[in-house]
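In this note's numbering, the protein residues as written are 103 to 306.
Ideal Cβ positions, reconstructed from N, Cα and C, are used throughout, including at glycine.
This report refers to the structure that appears directly beneath it.
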């Protein structure tokens, strides 16, 4: 009887030892790294359109995309706007605010190298008015655009960025948007991210 009790106790202690065996530090680190590496890239454009104000704001004040247009004493007209868009892109006559998640903000000062997968950059656009051919004041819709760094192979020719753009009373565009890819090709040496808007403190 005593022998049976001793054997049962030994078996019980062995089972408890197996069940409570701690995970090795290297295994725990690997598991954590895997989650950290995959989780950021899972973010979607629809999520960001509602949550982007919680990201890091890199422009304390709104920044003019094209300062020359903003400085015109008479105000910009339609011809000015068409001309400016050739060099400054579709958002030429706007002010913008730039938001980034931690991955993108940390990479921004070193952006000649590729941004890590999961990097998020959001541009909040507030357009300015201009006058059309009949001298009527026109204000373009406000909008929010952004880019998400996807895994290699998503769009290798254009840096594997997924773009999105939402404008008032318009359908949201998401994916490999040609107009965004064409415009950002002008910043291919910086992994397709412009930085002229940045203050020295922000990394420019």
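Cross-strand partners of residue i (DSSP beta bridge)
i           : result
residue 251 : 263
residue 228 : 197
residue 151 : Answer by DSSP bridge pairing: none, since residue 151 is not bridged.
residue 165 : 198
residue 158 : 202
residue 269 : 245
residue 295 : Paired residue(s): none; residue 295 is not in a bridge.
residue 222 : 250
Under the three-state DSSP convention, the category residue i falls into
i           : result
residue 277 : strand
residue 205 : helix
residue 289 : helix
residue 216 : coil
residue 284 : helix
residue 126 : Caution is warranted here: a pLDDT of 40 is assigned to residue 126, below 50, making its placement in the model unreliable, and no coordinate value can be reported.
Cβ separation of residue i and residue j, assumed to be a contact under 8 Å, to the nearest whole Å
i           : j           : result
residue 150 : residue 224 : 6 Å
residue 197 : residue 164 : 4 Å
residue 158 : residue 207 : 5 Å
residue 79  : residue 217 : Lying outside 103 to 306, the shown extent of the chain, residue 79 is not represented and no answer is given.
residue 147 : residue 250 : 7 Å
residue 245 : residue 275 : The pair is not a contact, with the Cβ atoms about 10 Å apart (cut-off 8 Å).
residue 145 : residue 222 : 6 Å
residue 199 : residue 226 : 4 Å
residue 154 : residue 248 : 7 Å
Would the region 280-289 count as touching the region 250-267 if we require 3 or more Cβ pairs under 8 Å? yes
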